[in-house]
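**Student:** Numbering (my numbering), first residue to last: 162 to 540.
Backbone N, C-alpha and C fix where the C-beta goes; we use that ideal spot for every residue, glycine too.
Owing to the predicted nature of the structure, the values given are computational and were not obtained by experimental measurement.
Have a look at this one:
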């Protein structure tokens, strides 16, 4: 039994991007202070935090100072050395735990652990050489997906192995010494379920959320996902089983494939709020970021009721290719909600913000949000 961390306390965030920014905004609304740690200055999260530590993740002296100044530390970015959670854990709470982070940031560990708990994942093989790759392809067939074991996101660090692919070329192109080959999944759609769990086991969730991607980057998310009730329930059950199996405290996203044969398979885990959950800020009674605050502080979880059907569209740096977007024209759609992340430099593929709209159906909401985004490039 732990004591709740009450408003007025200081919460720590590892990583300083837009997820940390939205967490900090939710925490401030609840009366907390925020310290953020990352190598960057004037970061999206640092702009709204009380204190921004701009230091390498390997700086043990600064990490100790950071840890001693907060009541609990959480993540907004999982590609940090998992060993630093051991150091931080000597001085304060870490939620989710370093063990969860260690699993989620390495695809082989992640898939192997989930399989050990009897959770559904695509068939996979470990690959550490061209010979391993050739053996794995013989066992899993083509097409298949080759991914680096760590440090990949938004489609980075992965490639498709098809009938024309030369194994030696594929292995060289990945430029790694450890990878995973996953059997190709013939999926109908990709969905995510974002959950939150307290130390006492109380659990709440959002979704399933239906996700569509462009160039491997999340493009549009809608909710409800429009799945048949048995598949929707299956996705929720899988997400809850992940939380309980790994003893997750905090927020975690379970990304899943829904196959054409009616299976639900886990694609990957993110031990933090997720891009697909940004729509919860406007569409749900309690958003994923407030839920993260509640969960790590051991406060009762908030209501996750959805107000209306919703669609969210990402704004990437590509929207700025012709200059400053036409914000005034886009905001003529008066019920559109604009969220920008405070990033000063727009680059192709970089997440700069998002749009959300609520309507009477997800189909209408998706049409409206896509059209609104298109007007940003009009003159």
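How should residue 362 be labelled, buried or exposed, when 16 other C-beta atoms within 10 angstroms of its C-beta is the threshold for buried?
**Tutor:** Walking along the chain shown from the start, residue 362 turns up at place 201. It is exposed - the Cβ of residue 362 has fewer than 16 other Cβ atoms within 10 Å.
**Student:** State the Cα-Cα distance for the pair residue 207 and residue 471, rounded to the nearest angstrom.
**Tutor:** Here the question's residue 207 lines up with position 46 in the chain shown. Here the question's residue 471 lines up with position 310 in the chain shown. Cα to Cα, the separation comes out at about 29 angstroms.
**Student:** Any contact between the stretch 452-460 and the stretch 348-361? By contact I mean 3 or more CB pairs, one from each, below 8 angstroms.
**Tutor:** The stretch 452-460, when compared against the stretch 348-361, does touch it at the 8 angstroms Cβ threshold.
**Student:** Closer than 7 angstroms by C-beta to residue 192: which residues in its own chain qualify, once you throw out the five before and the five after it? Chain order, please.
**Tutor:** Start at 1 with the first residue of the chain shown, and residue 192 comes out as number 31. Closer than 7 angstroms at Cβ, skipping near neighbours: 168, 169.
**Student:** In the DSSP assignment, what residue or residues form a beta bridge with residue 350?
**Tutor:** As a working note, residue 350 is residue 189 in the chain shown. BP columns for residue 350 point to 419.
**Student:** If you count every other CB in all the chains shown that lies within 10 Å of the CB of residue 278, and 16 or more means buried, which is it?
**Tutor:** Against the chain shown, residue 278 aligns to sequence position 117. Burial call: exposed.
**Student:** Here's a check: name, in chain order, each residue in its chain whose Cβ is nearer than 7 angstroms to the Cβ of residue 350, leaving out the five neighbours to either side.
**Tutor:** Numbered from its first residue, the chain shown carries residue 350 at position 189. Excluding positions up to five away in sequence, the list reads 371, 419.
**Student:** CA-CA distance, residue 341 and residue 397?
**Tutor:** Indexing the chain shown from 1 puts residue 341 at position 180. Indexing the chain shown from 1 puts residue 397 at position 236. Cα to Cα, residue 341 sits roughly 26 angstroms from residue 397.
**Student:** Entirely within the stretch 268-315 and at least 4 residues each: give me those alpha helix (DSSP H) ranges in chain order.
**Tutor:** DSSP runs (the alpha helix (DSSP H)) wholly in the stretch 268-315: 268-277, 291-301.
**Student:** Could you tell me the distance, in whole angstroms, from the CA atom of residue 529 to the CA atom of residue 513?
**Tutor:** As a position in the chain shown, residue 529 is number 368, starting the count at 1. As a position in the chain shown, residue 513 is number 352, starting the count at 1. If you take the alpha carbons of residue 529 and residue 513, they lie about 20 angstroms apart.
**Student:** If residue 246 sits next to residue 255, beta carbons under 8 angstroms apart, how far is it from one beta carbon to the other, in whole angstroms?
**Tutor:** Here residue 246 refers to the residue found at position 85 of the chain shown. Here residue 255 refers to the residue found at position 94 of the chain shown. Yes, they are in contact, since the Cβ atoms of residue 246 and residue 255 sit about 5 angstroms apart, within 8 angstroms.
**Student:** Name the residue from 431, 421, 406 whose alpha carbon lies nearest to the alpha carbon of residue 412.
**Tutor:** The count along the chain shown starts at 1 and reaches residue 412 at position 251. Comparing Cα positions, the closest option is 431.
**Student:** Alpha carbon to alpha carbon, how far is residue 381 from residue 442? Give it in angstroms, no decimals.
**Tutor:** Position 281 of the chain shown, counted from the start, is the residue given in the question as residue 442. Position 220 of the chain shown, counted from the start, is the residue given in the question as residue 381. Taking the straight line joining both Cα atoms gives about 15 angstroms.
**Student:** Use the C-beta contact count for residue 327: other C-beta atoms within 10 angstroms, 16 or more gives buried, fewer gives exposed.
**Tutor:** Sequence index remark: in the chain shown, residue 327 carries index 166 (1-based). That one is exposed.
**Student:** Between the alpha carbons of residue 501 and residue 507, how many angstroms are there, rounded?
**Tutor:** As a first step, residue 501 is located in the chain shown; it is residue number 340 there, counting from the start. As a first step, residue 507 is located in the chain shown; it is residue number 346 there, counting from the start. Their backbone Cα atoms lie some 12 angstroms apart in a straight line.
**Student:** Determine the DSSP secondary structure at residue 408, reduced to helix, strand or coil.
**Tutor:** For the purposes of this step, residue 408 is taken as residue 247 along the chain shown, with counting starting at 1. Coil, per DSSP.
**Student:** Quick one: which unbroken beta strand (DSSP E) runs of 3-plus residues sit fully inside the stretch 239-271? Chain order, please.
**Tutor:** Whole beta strand (DSSP E) segments, 3+ residues: zero.
**Student:** Give, in chain order, every unbroken run of the alpha helix (DSSP H) that is at least 4 residues long and sits entirely within the stretch 198-230.
**Tutor:** Counting whole runs of 4 or more residues, the stretch 198-230 contains the alpha helix (DSSP H) stretches 221-229.
**Student:** Quick one: residues in its chain with C-beta nearer than 6 angstroms to the C-beta of residue 445, no 5 flanking neighbours on either side, listed in chain order?
**Tutor:** Locating residue 445 in the chain shown gives position 284, counting from the first residue. So the list reads 465, 467, once near-sequence residues are dropped.
**Student:** How long is the line joining the alpha carbons of residue 261 and residue 407, rounded to whole angstroms?
**Tutor:** Translated into positions along the chain shown, residue 261 becomes position 100. Translated into positions along the chain shown, residue 407 becomes position 246. Going by the C-alpha atoms only, they are around 7 angstroms apart.
**Student:** Pull up the distance between the alpha-carbon of residue 383 and that of residue 499, whole angstroms please.
**Tutor:** Along the chain shown, one-based indexing puts residue 383 at 222. Along the chain shown, one-based indexing puts residue 499 at 338. Answer to the nearest angstrom: the Cα atoms are 16 angstroms apart.
**Student:** By DSSP, does residue 439 sit in helix, in strand, or in coil?
**Tutor:** The residue labelled residue 439 in the question sits at position 278 within the chain shown. Here residue 439 sits in helix by DSSP.
**Student:** Can you have a look at residue 459 and say buried or exposed, based on whether 16 or more other CB atoms are within 10 angstroms of its CB?
**Tutor:** Position 298 of the chain shown, counting from 1, holds the residue named residue 459. With 16 or more other Cβ atoms within 10 Å, it is buried.
**Student:** Considering residue 181, what are the terminal residues of the alpha helix (DSSP H) in which it resides?
**Tutor:** Numbered from 1 along the chain shown, position 20 holds the residue referred to as residue 181. Looking at the DSSP string, the run of the alpha helix (DSSP H) that includes residue 181 is 179-190.
**Student:** Hey, could you find the ends of the beta strand (DSSP E) residue 429 is sitting in?
**Tutor:** Taking the first residue of the chain shown as position 1, residue 429 is located at position 268. Its beta strand (DSSP E) spans residues 425-431.
**Student:** My assumption, with CB atoms under 8 angstroms, is that residue 324 sits in contact with residue 318. Please give the rounded CB distance.
**Tutor:** On the chain shown, residue 324 is found 163 positions in, with the first residue counted as 1. On the chain shown, residue 318 is found 157 positions in, with the first residue counted as 1. Their Cβ separation, rounded to whole angstroms, is 22 angstroms, which puts residue 324 and residue 318 out of contact at 8 angstroms.
**Student:** According to the Cβ coordinates, are residue 214 and residue 242 closer than 9 angstroms?
**Tutor:** Taking the first residue of the chain shown as 1, we reach residue 214 at position 53. Taking the first residue of the chain shown as 1, we reach residue 242 at position 81. No, the Cβ-Cβ distance between residue 214 and residue 242 is not below 9 angstroms.
**Student:** If we call anything under 9 angstroms between Cβ atoms a contact, is residue 205 one with residue 173?
**Tutor:** Numbered from 1 along the chain shown, position 44 holds the residue referred to as residue 205. Numbered from 1 along the chain shown, position 12 holds the residue referred to as residue 173. In this structure, residue 173 does not lie closer than 9 angstroms to residue 205 by Cβ.
**Student:** For a test of the three-state rule: what should DSSP assign to residue 338, helix, strand or coil?
**Tutor:** Taking the first residue of the chain shown as position 1, residue 338 is located at position 177. Residue 338: coil per DSSP, three-state reduction.
**Student:** In terms of residues, what are the limits of the alpha helix (DSSP H) holding residue 523?
**Tutor:** As a first step, residue 523 must be located in the chain shown, where it is residue number 362. Residue 523 -> alpha helix (DSSP H) spans 523-536.
**Student:** Helix, strand or coil: which one does DSSP assign to residue 172?
**Tutor:** On the chain shown, residue 172 is found 11 positions in, with the first residue counted as 1. If DSSP states are grouped into helix, strand and coil, residue 172 belongs with the strands.
**Student:** Anyone know if the C-beta pair for residue 477 and residue 486 falls short of 9 angstroms?
**Tutor:** Translated into positions along the chain shown, residue 477 becomes position 316. Translated into positions along the chain shown, residue 486 becomes position 325. No, the Cβ-Cβ distance between residue 477 and residue 486 is not below 9 angstroms.
**Student:** I'd like to check one pair, residue 228 with residue 248: are the Cβ atoms closer than 9 angstroms?
**Tutor:** On the chain shown, position 87 is the one that residue 248 refers to. On the chain shown, position 67 is the one that residue 228 refers to. Yes, these two residues count as a Cβ contact at 9 angstroms.
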